[in-house]
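Remarks on the structure that follows.
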């Protein structure tokens, strides 16, 4: 069955883009930012947002870095299974899902640990602010400090062995350093409400960029999709597994 | 005389944006990327590209970091003086110019220096590639390495004392780390010709992003305008000098 070609004319002529041409590639996310990052490099997947509730409990994970990978995996598998069920004759060739969390560093003394570990920061996942006042409180905490942005990416694709699909994941981590901003700048940002719907309470690619002095890592990861690691990973999978995307 | 208001509705309500409202603000650059970075945070200056030839000799500068600052200063002064001459009754309130260069790190043994200095890298300014083959050569040099992006920003604004204007400058430096890409990816990028017209031979905000694993610094600086430092600087100037932008 012919599909919308996900590979745009301006895509680089690399093995990954050549293999993806004409395939059914699905992005399990409705985020306009993720779609734009992919579009810039020449990939325009079909968009099928996941219905997964994104309600995993943070307490079920030993490390907060596992959380976005687990959420991305639930999203990708839900969309893959749903599309196969809807039309078993036309399964997706590749489903891509991503989840991004913002981790704060808080210093928590842990009883019974050695001195060198007492000041080891234990990252915790920052939620979306519930109000402008809550956003201001979060920005005051972050001001002059850094946080860490972690994106989990999971791909699901058909294989012959049961259950008929394979799941693979990566995660990408970037540090975001906040400038030492005057309080009136933080107040003005909280007032503009851009940060209300954002994990961590800021949008690096918007007016929130004015609060951020530097990023250490992939900037696109902070926006929501680490596109460089994603494509280098696809190129490796193609090299290692001749059946991948065939 | 009423001007196009350079401050957009979505700008943060900070002292700098409040002072800039209704003022004649001029960007001495036709770069769509610089205009877009400023537009995102709410500033839309009048655009008057400089006619300065950008032909300063690198050999006239002790340090390559001085070069973009000098070019930005020539651009800003040329535009300011031209606009004042064209209409002495309506001088600009603020002219903003920027120049971005890409510095490579090359290891050059310096005779007579101590051992610890022998491997000190001496940065040199990377030019725009002259052809696809030249672009590929530059990308092979950068692959798995880092380069440094430096933007000089100069502002010119009216003061009572001769010559009737003041000049101030900052520079911003960011490191760009290239992934260890397979040669076929570098070849595909050179083939797409996106890098031909770019200093250093790549565009971080385009398909060239696929070659770059991380940035250490302000991402917008690598694109061409360090907007965070620029606005924090304006806020400081307002605080220090009550006549600034009055």
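Residue numbers (our numbering), protein chains in the order written: chain A, 11 to 256; chain B, 11 to 256.
Heads up, the beta-carbon is just placed ideally off N, CA and C, and yes, glycines get one too.
Keep in mind that this is a model prediction, so the values were computed, not measured.
Of all the options B/75, B/53, B/81 and B/96, which has the alpha carbon lying nearest to the alpha carbon of residue 66 of chain B?
-> Sequence index remark: in the second chain, residue 66 of chain B carries index 56 (1-based). Measuring from the Cα of residue 66 of chain B, the nearest candidate turns out to be B/81.
>> I believe residue 89 of chain A touches residue 79 of chain A by the beta-carbon criterion, under 8 angstroms. Please report the beta-carbon distance rounded to the nearest angstrom.
In response: As a position in the first chain, residue 89 of chain A is number 79, starting the count at 1. As a position in the first chain, residue 79 of chain A is number 69, starting the count at 1. Here residue 89 of chain A is actually not in contact with residue 79 of chain A; their C-beta atoms are around 16 angstroms apart, not less than 8 angstroms.
Query raised in the report: For the segment 219-250 of chain A, which residues have a CB atom closer than 8 angstroms to at least one CB atom of chain B, in sequence order?
Result: Taking 8 angstroms as the cut-off between beta carbons, the residues of the segment 219-250 of chain A near chain B are 219, 220, 221, 222, 223, 224, 225, 226, 227, 228, 229, 230, 237, 238, 239, 241, 242 and 245, in sequence order.
*When the Cα of residue 42 of chain B is compared with those of B/240, B/253 and B/233, which residue comes out closest?*
As a first step, residue 42 of chain B is located in the second chain; it is residue number 32 there, counting from the start. By alpha-carbon distance to residue 42 of chain B, the top candidate from B/240, B/253 and B/233 is B/233.
- Between the Cα of residue 132 of chain B and those of B/171, B/113, B/200 and B/93, spot the shortest distance and give me the residue it belongs to. To locate residue 132 of chain B, count along the second chain from 1; it is residue 122. Measuring from the Cα of residue 132 of chain B, the nearest candidate turns out to be B/113.
Review point. Which same chain residues, not among the five before or five after residue 148 of chain A, have their C-beta less than 6 angstroms away from its C-beta?
Key: On the first chain, position 138 is the one that residue 148 of chain A refers to. Correct list, in chain order: 139 and 211.
In angstroms, rounded to a whole number, what distance separates the CA positions of residue 70 of chain A and residue 197 of chain B? On the first chain, residue 70 of chain A is found 60 positions in, with the first residue counted as 1. On the second chain, residue 197 of chain B is found 187 positions in, with the first residue counted as 1. When rounded, the distance between both Cα atoms is 45 angstroms.
Worksheet item: How far does the beta strand (DSSP E) with residue 176 of chain B in it reach, from first residue to last?
Response: Working through the second chain from its first residue, we reach residue 176 of chain B at position 166. 175-188 is the extent of the beta strand (DSSP E) around residue 176 of chain B.
Where do the N-terminal and C-terminal ends of the alpha helix (DSSP H) with residue 239 of chain B fall, by residue?
By one-based count along the second chain, residue 239 of chain B stands at place 229. First-last of the alpha helix (DSSP H) with residue 239 of chain B: 237-250.
- Taking only beta-carbon positions, decide if residue 24 of chain A is within less than 9 angstroms of chain B. Here the question's residue 24 of chain A lines up with position 14 in the first chain. Yes, its Cβ sits closer than 9 angstroms to a Cβ of chain B.
message = Among the candidates B/77, B/107, B/146 and B/39, whose CA atom is the shortest distance from the CA of residue 203 of chain B?
response = Locating residue 203 of chain B in the second chain gives position 193, counting from the first residue. Taking only the C-alpha atoms, the option nearest residue 203 of chain B is B/146.
Cross-chain neighbours of residue 194 of chain A in chain B, by beta carbon under 8 angstroms = The count along the first chain starts at 1 and reaches residue 194 of chain A at position 184. Within 8 angstroms Cβ-Cβ: 24 and 25.
> residue 30 of chain B to residue 46 of chain B, Cα distance in whole Å?
Replying inline: Here residue 30 of chain B is taken as the residue at index 20 of the second chain, counted from 1. Here residue 46 of chain B is taken as the residue at index 36 of the second chain, counted from 1. It is roughly 18 angstroms from the alpha-carbon of residue 30 of chain B to the alpha-carbon of residue 46 of chain B.
Q: Would you list, in chain order, the members of the segment 147-175 of chain B that have their beta-carbon closer than 8 angstroms to a beta-carbon of chain A?
A: The residues in question: there are none.
Exposure of residue 95 of chain B, with buried meaning 16 or more beta-carbon neighbours within 10 Å
Position 85 of the second chain holds residue 95 of chain B. Burial call: exposed.
- Query: Taking the beta strand (DSSP E) that residue 163 of chain A falls in, what are its first and last residues?
  - Reply: Taking the first chain and counting its residues from 1, the one referred to as residue 163 of chain A is at position 153. First-last of the beta strand (DSSP E) with residue 163 of chain A: 156-168.
Using a C-beta cutoff of 9 angstroms, does residue 199 of chain A count as contacting chain B?
The residue given as residue 199 of chain A occupies position 189 in the first chain. Using a CB distance cut-off of 9 angstroms, residue 199 of chain A counts as an interface residue toward chain B.
Q) With residue 188 of chain B and residue 154 of chain B assumed to form a contact (beta carbons below 8 angstroms), what rounded beta-carbon distance in angstroms separates them? A) Taking the second chain and counting its residues from 1, one reaches residue 188 of chain B at position 178. Taking the second chain and counting its residues from 1, one reaches residue 154 of chain B at position 144. With 8 angstroms as the limit, residue 188 of chain B and residue 154 of chain B qualify as a contact, their Cβ atoms being about 6 angstroms apart.
Verify the CB distance criterion: does residue 63 of chain A have a CB-CB separation below 9 angstroms to chain B? On the first chain, residue 63 of chain A is found 53 positions in, with the first residue counted as 1. In terms of beta-carbon proximity, residue 63 of chain A stays away from the interface with chain B, with every pair separated by 9 angstroms or more.
Span of the beta strand (DSSP E) holding residue 91 of chain B? Mapped onto the second chain, residue 91 of chain B falls at position 81. Membership of residue 91 of chain B in any beta strand (DSSP E) is not indicated; the residue belongs instead to the alpha helix (DSSP H) covering 76-96.
* Proximal chain A residues relative to residue 189 of chain B, where beta-carbon distance stays under 9 angstroms -> Within the second chain, the letter at position 179 stands for residue 189 of chain B. Those are 238, 239 and 242, listed as they occur along chain A.
Notebook entry, point to check: When DSSP builds the beta bridges, which residues end up paired with residue 110 of chain A?
Noted result: Within the first chain, residue 110 of chain A is the residue found at index 100, counting from 1. Answer is A/161.
**Prompt:** Can you list, in chain order, the residues of the segment 42-62 of chain A whose Cβ is nearer than 9 angstroms to any Cβ on chain B?
**Reply:** Answer set for the segment 42-62 of chain A: 47, 50, 51 and 52.
Closer than 9 angstroms by beta-carbon distance: list the chain B residues that pair up with residue 217 of chain A, in chain order. The sequence position of residue 217 of chain A within the first chain is 207, counting from 1. Correct list: 20, 21, 22, 50, 51 and 52.
Task: Through-space distance from residue 134 of chain A to residue 117 of chain A, alpha-carbon basis - done: Within the first chain, residue 117 of chain A is the residue found at index 107, counting from 1. Within the first chain, residue 134 of chain A is the residue found at index 124, counting from 1. Residue placement at residue 117 of chain A is flagged as unreliable, the pLDDT there being 41, under the threshold of 50; the coordinate-derived value follows with that caveat. When rounded, the separation of the alpha-carbon atoms in residue 117 of chain A and residue 134 of chain A is 10 angstroms.
Problem - residue 114 of chain B at chain C interface by Cβ criterion, 9 angstroms - result: Given the protein chain composition of this structure (A and B), no chain C is represented.
Backbone secondary structure at residue 105 of chain A - three-state DSSP: As a position in the first chain, residue 105 of chain A is number 95, starting the count at 1. DSSP places residue 105 of chain A in strand when its eight states are reduced to three.
Open item on the list: In the DSSP output, which residue or residues are listed as bridge partners for residue 224 of chain A?
Closed with: Here residue 224 of chain A refers to the residue found at position 214 of the first chain. When beta bridges are read from the DSSP output, residue 224 of chain A appears opposite A/187.
Residue 17 of chain B beta carbon less than 9 angstroms from that of residue 38 of chain B: Walking along the second chain from the start, residue 38 of chain B turns up at place 28. Walking along the second chain from the start, residue 17 of chain B turns up at place 7. No, they are not a contact pair.
- Message: Going by DSSP in three states, residue 255 of chain A sits in which element: helix, strand or coil?
- Response: Taking the first residue of the first chain as position 1, residue 255 of chain A is located at position 245. Residue 255 of chain A falls in the coil class under three-state DSSP.
Item to complete: Measuring only between beta-carbons, confirm whether residue 140 of chain B sits less than 9 angstroms from chain A.
Response: Numbered from 1 along the second chain, position 130 holds the residue referred to as residue 140 of chain B. At a cut-off of 9 angstroms between beta-carbon atoms, residue 140 of chain B makes no contact with chain A.
Checklist line | Proximity test, Cβ basis, 9 angstroms: residue 184 of chain A and chain B | finding: The sequence position of residue 184 of chain A within the first chain is 174, counting from 1. Yes, its Cβ sits closer than 9 angstroms to a Cβ of chain B.
Provide the residue(s) that pair with residue 66 of chain B in DSSP beta bridges, ordered along the chain.
The residue labelled residue 66 of chain B in the question sits at position 56 within the second chain. The partner list for residue 66 of chain B (beta bridge, DSSP) is empty, contrary to what the question assumes.
Cα-Cα separation, residue 259 of chain B to residue 93 of chain B: One cannot answer for residue 259 of chain B here, as it falls past the ends of chain B, which runs 11 to 256.
Beta-carbon proximity check, residue 209 of chain B vs residue 111 of chain B, cutoff 9 angstroms: Looking up residue 209 of chain B in the second chain gives position 199. Looking up residue 111 of chain B in the second chain gives position 101. In this structure, residue 209 of chain B places its C-beta atom within 9 angstroms of the C-beta atom of residue 111 of chain B.
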